[in-house]
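A short write-up of the structure that comes next.
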Amino acid sequence: MKTIIYTCPYVPAELIAAHGLHPSRLMPAALRSTGPLAQIEGLCPFVHSFINEVMTGPPQADTCGVVVTTVCDQMRRAFDILIRRCDLPAFLMNVPHTWQSVAAQKMYVDELKRLSRFLIQLGGEPFLNDTLARVMLDYDAARASILAAGSYLSARQCAESIAAFGRDGPGKVLRNQTNTKPLIAGVPLAIVGGPLVKQDLDIFDIVEQSGGQITLDATESGERGLCPPFDRRRIRDDPLIELASAYFNGIPDASRRPNSELYNWLKRQLIGRAVRGIIFRRYVWCDTWHAELWRLKEWTDLPVLDIDAGGDSETHQHRMPNRIRSFLEMLS
Amino acid sequence: MPRQITLQEWDQRYEQLRKAGPHQPDYNGPLGRHVEDGDTRLLKLRYDNSAAALRLWNFLLTEEERLHRSRAEGKKLVGTMKDLGTVPVMAYSLDNIAAFYPDGAWWIPCVMESNTVLLRIADRLGIDESFCPVRAMLGAFLTGGHFPIPDLLICSVGATCDDFSAIAQRLNGLGYAILWWEIPHRRRPEPDEVEVKLPGGFQAPRCQVEFVKSELQRLKTALEELAGQRLDEKKLSAGIKKANMVRTLLAELRKLVFTAKLSPLPALEMLIAEMLAIHFCSDQNETIIVLKDLLEEVKARIKAGIGFLSPDVARIFWVNPVADLQVMNLLEDCGGRICGTEYLFTHALDTIPQDLPPTEALAQMALADPMAGSSIDRAGRICTDIRTFGAEALVISRIPGASHCALEGQVIGEIVQDKLDIPVVELEVPPFTDSMRPTLRTRLEALVETVRVRREK
Amino acid sequence: MICAGIDAGSRTIKIVLIETDTRRVITKAVTDQGVEQDKLASQLFQRLLKSSGLGRQDVGRIAATGYGRNAISFADTTITEITCHAVGVRRLVPNAMTVIDIGGEDSKLIRLDKAGRVRDFAMNDRCAAGTGRFFEVIARRLGVNISSLGQLAAKSRRPAPISSMCVVFAETEIIGLLACGAAREDIIDLPIVFTGGVAMVSGMDTALRSALGQAVTVSPDPQMTGALGAAILAAKQITPY
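Listed in order, the protein sequences are those of chains A, B and C.
The first sequence begins at 756 in this note's numbering and counts up by one.
The second sequence begins at 1089 in this note's numbering and counts up by one.
The third sequence begins at 0 in this note's numbering and counts up by one.
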């Protein structure tokens, strides 16, 4: 089956799957400074790594296209690099930053339709409502399983499950997963921020080794990036509209204007999980999240630890563990 | 004879002009009066010595006074953020509204106190130097010591730059209500879509124009509520006509200055003049007069065959505005002259179509924003303009922290080199370039040398 | 019984020995860092024990901190330098509320609560901007000893404006870190205590005072506060009071 790779949570995997294509959410292995796209001052390391992975050959051998979105301006610019230098067909999906107007909602639906045309050009089958509805229910069930698994899986395994779900789809979710949750609960923490790379999943282990436990993964790669459960009645009426509604209205993000929904969502989650500290994970040169750091600190009484990743190995090997350790010493 | 003079020399020159010259506007005066409390930035610049240039500078540096006067006279103030040139046209179509550009506050540290409080305030809010210099706006809002706080804040987002959007969101988070509107990423129409040719040469699908129209309708409603009067098509058309007067003057000025055999006006004054197109410095009528003055001066100099640089200077096309105005002087010190610019707001310079319904015309104009589309499209327009103005080299100025600059420069540079085979250099220009001057100088001088060598071949 | 604190920093290794019960400092020493830091630390440790008439059997617990703490094989425990500097400074300046530590290659800002516990911290640990390394380079360029930089700075009439941000890593030097989030009056809690190797350079406290617009106290023995804190924390693991 041909594969479509993407990274943004506002790209509905269900739509791609309903076209008979395999949606695979690409999580770069690590932040690397090498590749066809040179590291430039001011370039977000995540964008750099993602584009390089796409250009050097994505992990899936049968990849036939890549979808990026306008949620991030740097990714929007990176699209120009992709279409100039990469043979892989690429699609730039315009995800509105405003969300409160009917026009913005309609724009998102129209973009899904445009994405559908792109997928058909790549060999996908025009989707039928019934097919889309069935796929949506499958994905919904898978998401529910993953979230429920939080009661017996370690934080890292939860994060890995979400990543695997994005990469492989609902079919292989939670296979062979056993109880890995630590017996002694550490200091409950939240991790907040944009997308992670695979190497970042070490954060979950480092937190546990330092006496903490991530009970809320509010990164883009984590549960914050999962769309909420669908309304089954609305799926029957018009699955595409329900898909659009769930994704567009259900995933809070720092890039939204205004981004008040992100804070409303965080408030509910932080209280619900009795979080005692927040790890704020951002990329150097990611202005969208960087600007939220001090706003978050003003907004919450919880201590906030800033971890800025610059794409250097020193960060991963020393700086990040050192800061996490200091943070947990502070909290205990 | 045209030449560049210092701020101190301007005080003497002003006296000469005052005694010999015609009636001066009330905001005119010695430039030195704008220097307060040891402000060093204005002292470091060099200025054109014409009366027209003096008027231009005084006009720019008295904007805040005008805004305060507008408020005192009972006018409503609209802060139009990010959008460079569309919403002010709508706002100025209402006679009891003055629109201005709060993000223009990034200029304040450039022209005033170098140890400005504004940037420190931005730092305290967590918006540090890794963000675009527009961050100075936050300080301006919190101190209230510069422009009056507007009655309505309008900000475009979507196909804009992330750091500006983040700064505006930070402002919103501090309690300043913002009316957000979406500008979509402009794309080429797909085969089954109706194509609209936009002013300036870009294309977009009809559905995107309709979307922007619907957004502008929302803004229109907000402006009407604020002004207490309807903004009908007649008023909008009149507003467009007025805006086009400014644009026509600027177009003529640019053409003359960029193509003249001897450079008749320095790069710095041209930059300031172009900026007037965005928001009219809070006085549309006066903008027209100021530009007319400049145009007359330029025409006179061209007719007399005089300029302020030697005829063999390298003709440079400049992309992106600079955070430190000194760099414009530096270009000329290094043997270059400005022959073409693309300061991220060509859609504020092109004439708004007057043969279309006004909202349609404005929507097309808004979508023609070079930042709203791809860097590839932007590069295409730059190539066209380079040919038009006969530039021999390209400088792409990077704005530190601006999210679009990291990759855009690469794309634009590659395309220009491929299509036109002219030398290209990228420069990082932070708000204070004093410590980097040797680096910038070397790059600019090397570019000029390259141009000269190519001429010999 | 004694406890030892070892601060394996980027440029130097510092060791402090204290009495476990009284927390009284018995002796301390510093040596330059090197490739074999475990060996260097061990040698320094042995020298200190010998000069104090003590043996390894007298040592109850050893805590290591600093960049190279995990390389100190004979340490019983490792603690981050944030926690150690906080404890060490508070020991020497009991009412300290804000600690600024500028070391050889990194800098830290630590805010304490009234009880002396770490309330918040920020670090510049990627770029050497504004650290000892930076001053060494500047001193070399100016052809002066690093100790005279302060006097030179005092003579300056008009400092040149420079960016405080490293464009490669977007790291801000320590003033920027302190400025961040200082929107409220009470953010910069006094007294501010300046510690770390750079605090020993004459004139640096004046420069910091001038930049912050606040009184700054140089910690007694600024180079040793990390090791002292580690030693105290090691002792607390034996006698918790």
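Glycine residues also receive a C-beta, built at the ideal position from the N, C-alpha and C atoms.
- The DSSP assignment places 987–992, 994–1005 and 1015–1027 as complete runs of the alpha helix (DSSP H) inside the segment 985–1045 of chain A, in order along the chain (cut-off: 4 residues).
- A/Pro800 sits away from A/Val947, with the two beta carbons spaced by 8 Å or more.
- Beta-bridge annotation (DSSP): C/Cys2 is paired with C/Ile17 and C/Arg60.
- Counting along the chain, no beta strand (DSSP E) covers B/Glu1544; the unbroken alpha helix (DSSP H) around it starts and ends at Arg1525 to Glu1544.
- Comparing alpha carbon positions, the residue from B/Leu1311, B/Met1459 and B/Ala1265 closest to B/Leu1172 is B/Met1459.
- Counting along the chain, B/Trp1269 sits inside no alpha helix (DSSP H); it lies in the beta strand (DSSP E) bounded by residues Leu1267 to Ile1271.
- DSSP lists no bridge partner for A/Cys841.
- Beta-bridge annotation (DSSP): B/Ser1485 is paired with B/Leu1515.
- Within the segment 70–101 of chain C, Ile78, Thr79, Ile81 and Thr82 place their CB atoms closer than 7 Å to a CB of chain A, listed in sequence order.
- Sorting B/Lys1330, B/Arg1335, B/Glu1385 and B/Lys1507 by C-alpha distance to the C-alpha of B/Pro1352 places B/Glu1385 at the top.
- Taking all protein chains in view, the Cβ of A/Asp992 is surrounded by fewer than 16 other Cβ atoms within 10 Å, so the residue is classified as exposed.
- With 16 or more other Cβ atoms from the protein chains shown falling within 10 Å of its own Cβ, A/Asn1077 counts as buried.
- Across the structure, B/Ala1361 and B/Leu1144 are spaced so that their CA atoms are roughly 7 Å apart.
- Per DSSP, reduced to three states, the secondary structure at C/Asn94 is coil, with no helix or strand assignment.
- It is roughly 35 Å from the alpha-carbon of B/His1435 to the alpha-carbon of A/Gly1005.
- A Cβ-Cβ separation of about 16 Å leaves B/Pro1293 out of contact with B/Glu1303 under the 8 Å criterion.
- Counted as a single uninterrupted DSSP element, the stretch harbouring A/Gln815 is not any alpha helix (DSSP H), since DSSP gives it neither H nor E.
- In this structure, the CA atom of B/Thr1168 is about 7 Å from the CA atom of B/Pro1190.
- For C/Met199, the three-state secondary structure derived from DSSP is helix.
- For A/Met1085, the closest Cβ of chain C is nearer than 8 Å.
- The beta carbon of A/Pro844 does not come within 8 Å of any beta carbon belonging to chain C, so the residue lies off that interface.
- In the three-state reduction of the DSSP assignment, A/Val821 falls in the strand class, which pools E and B.
- Between the segment 1432–1446 of chain B and the segment 6–23 of chain C, the count of Cβ pairs shorter than 8 Å is below three; the stretches do not touch.
- Looking at the backbone, the Cα of C/Ala152 and that of C/Leu207 are separated by about 12 Å.
- For A/His852, the neighbours in chain B by C-beta distance under 8 Å run, in chain order, Val1245, Gly1246, Ser1253, Trp1268 and Glu1270.
- Note that the C-beta distance between A/Leu877 and A/Met848 is not below 8 Å.
- Of all alpha-carbon atoms in B/Ile1366, B/Pro1511 and B/Lys1323, the one lying nearest the alpha-carbon of B/Arg1335 is that of B/Ile1366.
- Using a Cβ distance threshold of 8 Å, A/Pro764 and A/Ala772 do not count as a contacting pair.
- Any Cβ of chain C closer than 8 Å to the Cβ of A/Asp955 would place that residue at the interface, and such an atom is absent.
- Nearest in C-alpha terms to C/Gly196, of all of C/Thr130, C/Leu232, C/Arg156 and C/Ser147, is C/Thr130.
- A/Phe846 has A/Val822 as its beta-bridge partners, per DSSP.
- Nearest C-alpha to A/Asp842 among A/Val850, A/Gly820 and A/Ala833: A/Gly820.
- An exposed status is given to A/Gly1027, since fewer than 16 other beta-carbon atoms sit within 10 Å of its beta-carbon.
- Interface annotation, A/Ser1081: in contact with chain C, CB-CB separation under 8 Å.
- Residue pairing from DSSP places C/Asn123 in a beta bridge opposite C/Ser106.
- Judged by their CB atoms, B/Leu1319 and B/Ser1181 are nearer to each other than the 8 Å cut-off.
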